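Participant: Please read through the structure below; I'll follow up with questions.
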Amino acid sequence: AAESGGAVNFVAMVDNLQGDSGRGYYLEMLLGTPPQKLNILVDTGSSNFAVAGAPNADVASYFDTKKSSTYWSLGTEVTVKYTQGSWTGTLGTDVITMPKGINGTYTINIATIFQSDNFFLKGVKWHGILGLAYSVLAKPSSSVETFFDSLVSQAKIPNIFSLQMCGAGLPVSGSGTSGGSLILGGIEPSLYEGEVWYTPIKEEWYYQVEILKLEVAGQNLNLDCREYNKEKAIVDSGTTLLRLPEKVFSAVVDAIVRTSLIQEFSPGFWIGAQLACWGIMEEPWAMFPKISIYLRDENSSSSFRITILPQLYIQPVLETDQNLKCYRFGISSSTNALVLGATVMEGFYVIFDRAQKKVGFALSPCAEVGGFPVSEIEGPFTTADVASNCVSTISFHEPILWIVSYALMSFCGLVLLFLIILLLLPPRFRHHYTENDIVNDESSLVRHRWK
Amino acid sequence: VASGRCGARFVFPLRVSPAVAPNGSLVPTPVLLKPAGRAGASQEAGSLAL
């Protein structure tokens, strides 16, 4: 086992996750005093630690703060909105321990959720969320220390964690028995094979990376590389699918249709409205192509590629007819990001090296279906055919807010300009003519002549 | 064939033509079904997007 300074036992953390790509992977935690056992979803796409704090129809249990002698309410209300769903809770602090994590008890910020909308999905087996992204995304402000920052400072572990999700080829949203590992504080060598390839974190908010190129069946999509990073390209365990910007999604679907052996595939399948079902003895994967994603290497003049086989993006679902086995398309379109979600992450051991501001990918031994690997990683490749920077230097994190604020600023500027012009105009230009302005004996002209 | 196999709940017109694999054999054509319990027919249904 890899040890960090002899203090952290990574082997104890192997297989500490349960779940699946459809409903997420969760870690067991003990909260408060006496400890209350809760399952916590691992999400690298947000930064708050929050748990159900009140009974909810979709959640089997919740954190009862009244029963914890160590809970301390900060009295601040916080709302967090996700791509899907939102919650409102109260900020507080309490102690936690992780039966299959870092040994010890740590005091951390906890939001107890008292109201939520489409956040706890029916049938999920988790009761809270562990946001592992950077504090800049924490709500209500970045001054709320994140779970992992608290752990690093209190447990004195290295500022790095790694994630292996083992749901490849298993039904999405199934029984929740797939496993995985969240290694806090380092890298566990038994969880990967071959070399680790690192890509720089472009900006520390989400785990934002730079994607240079996409290939379907070895054919370059030939899009401007900025299309792949439109707004952001992130690594997010809290998203099930591989989400692609609309233009990229269309190009990928076109390429799959072109290269797959199935022609005139119903559009409903690609948008997720339909499942494709084959006879129980048939497997569809041989009909679909590989998809490769090129990421910028640490050495910026080279790149490496991660490849997912159809076993990862043509995903079996549980809804099987007697004689049919059904699959869904594990890629969707997005208006605001390219997201390397569970569809991709299940193929790799992913290392979030915050200390050195980089994300690593290595082959995961559990990414296999029927004894054959379903992911590949290769490099280095030259970046001579790609722009030197595929990520916009001006980052518009909230584009709609930016547009609204610019519009308001322009409007205020125009009003101000108009008022200044009015002020500068000589008084005679500002005179309003009325019926009383008719030249008569009372008029100023006559009055002046009389003078 | 689709309706016979799946019952009325899942009847959808099929627009899939048989294709030929490199070895010359016919590629099996899929039956397309609507996922049960997904009224919104959205890709995100049944998925996390946090």
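Protein chains in written order, with my numbering: chain A, 1 to 451; chain D, 452 to 501. Glycine is no exception: its CB is placed at the ideal position from the N, C-alpha and C atoms. Please read all numbers here as calculations on a predicted model, not as lab measurements.
Please report whether the beta-carbon of S73(A) lies at a distance below 8 Å from any beta-carbon of chain D.
Facilitator: Here residue 73(A) is taken as the residue at index 73 of the first sequence, counted from 1. With 8 Å as the cut-off, S73(A) does not count as an interface residue toward chain D.
Participant: With 8 Å set as the bound, which would you pick, yes or no: does the beta-carbon of T93(A) sit closer than that to a beta-carbon of chain D?
Facilitator: Taking the first sequence and counting its residues from 1, one reaches residue 93(A) at position 93. No, because no Cβ of chain D sits closer than 8 Å to the Cβ of T93(A).
Participant: Is it the case that the Cβ atoms of F329(A) and I314(A) are separated by a distance below 8 Å?
Facilitator: Your numbering for residue 329(A) matches position 329 in the first sequence. Your numbering for residue 314(A) matches position 314 in the first sequence. Yes, the Cβ-Cβ distance between F329(A) and I314(A) is below 8 Å.
Participant: Between the alpha carbons of N56(A) and L261(A), how many angstroms are there, rounded?
Facilitator: What you label residue 56(A) is simply residue 56 of the first sequence in a count that begins at 1. What you label residue 261(A) is simply residue 261 of the first sequence in a count that begins at 1. The alpha-carbon atoms of N56(A) and L261(A) are separated by roughly 46 Å.
Participant: How far does the alpha helix (DSSP H) with V248(A) in it extend, from its first residue to its last?
Facilitator: For this step, residue 248(A) is matched to residue 248 along the first sequence. Segment E246 to T259, the alpha helix (DSSP H) holding V248(A).
Participant: Please list the terminal residues of the continuous alpha helix (DSSP H) segment that includes Y313(A).
Facilitator: Here residue 313(A) refers to the residue found at position 313 when the first sequence is read from its first residue. Element bounds for Y313(A): P310 to Y313.
Participant: Of all the CB atoms in chain D, is at least one closer than 8 Å to the CB of P35(A)?
Facilitator: Position 35 of the first sequence holds residue 35(A). Not one chain D Cβ lies under 8 Å of P35(A).
Participant: Less than 7 Å between the CB of K125(A) and some heavy atom of the ligand GTP, yes or no?
Facilitator: Among the ligands in the structure shown, none appear at all, so the ligand GTP cannot be discussed.
Participant: Using only the alpha-carbon positions, how far apart do M98(A) and I201(A) sit?
Facilitator: Residue mapping note: residue 98(A) aligns to position 98 of the first sequence, counting from 1. Residue mapping note: residue 201(A) aligns to position 201 of the first sequence, counting from 1. Those two C-alpha atoms are separated by around 28 Å.
Participant: Which class does Y206(A) belong to by DSSP, given the choice of helix, strand or coil?
Facilitator: In the first sequence, counting from the first residue as 1, residue 206(A) sits at position 206. The answer is coil: DSSP assigns Y206(A) none of H, G, I, E or B.
Participant: Taking a cut of 7 Å between CB atoms, which residues from the segment 62-91 of chain A lie near chain D?
Facilitator: Of all residues in the segment 62-91 of chain A, Y82, T83 and Q84 have a Cβ within less than 7 Å of some Cβ in chain D.
Participant: Cutting at 8 Å between CB atoms, please list the residues of its own chain near Q219(A), excluding the five before and the five after it.
Facilitator: In the first sequence, the residue the question calls residue 219(A) occupies position 219. So the qualifying residues of the chain are A255 and T259.
Participant: Flag L241(A) as yes if its beta-carbon sits less than 8 Å from any beta-carbon of chain D, otherwise no.
Facilitator: Within the first sequence, residue 241(A) is the residue found at index 241, counting from 1. It does; some Cβ of chain D falls within 8 Å.
Participant: Taking only beta-carbon positions, decide if P310(A) is within less than 8 Å of chain D.
Facilitator: On the first sequence, position 310 is the one that residue 310(A) refers to. No, its Cβ sits nowhere closer than 8 Å to a Cβ of chain D.
Participant: Mind checking the segment 265-283 of chain A against chain D and listing, in chain order, the residues whose C-beta falls within less than 7 Å of any C-beta there?
Facilitator: Going along the segment 265-283 of chain A in chain order, one finds F265, S266, G268, F269, I271, G272, A273, Q274, L275, A276, C277, W278, G279 and E282 with a Cβ nearer than 7 Å to chain D.
Participant: Can you check whether the CB of Y207(A) is closer than 8 Å to the CB of T307(A)?
Facilitator: As a working mapping, residue 307(A) is identified with position 307 in the first sequence. As a working mapping, residue 207(A) is identified with position 207 in the first sequence. In this structure, Y207(A) does not lie closer than 8 Å to T307(A) by Cβ.
Participant: Apart from the five residues on each side of it in sequence, which residues of its chain come closer than 7 Å, Cβ to Cβ, to G179(A)?
Facilitator: Taking the first residue of the first sequence as 1, we reach residue 179(A) at position 179. So the qualifying residues of the chain are D15, L17, Q18 and C166.
Participant: Keeping to the same chain, check which residues put their C-beta closer than 8 Å to that of A459(D); ignore five residues upstream and five downstream.
Facilitator: Here residue 459(D) corresponds to residue number 8 of the second sequence, with the count starting at 1. In this predicted model, A459(D) has a pLDDT of only 38, less than 50, meaning its place in the structure is not dependable; the value taken from the coordinates is given anyway. Excluding positions up to five away in sequence, the list is empty.
Participant: Report all residues from its chain with a CB closer than 6 Å to the CB of Y25(A); omit the five preceding and five following residues, and keep chain order.
Facilitator: The residue you call residue 25(A) lines up with position 25 of the first sequence. Answer for Y25(A): L17, G19, V42, M165 and G180, listed in chain order.
Participant: Starting from the beta carbon of D224(A), find every residue of chain D whose beta carbon is closer than 7 Å, and list them in chain order.
Facilitator: Indexing the first sequence from 1 puts residue 224(A) at position 224. Near D224(A) there are no residues of chain D at all, since even the closest Cβ is about 25 Å away, more than 7 Å.
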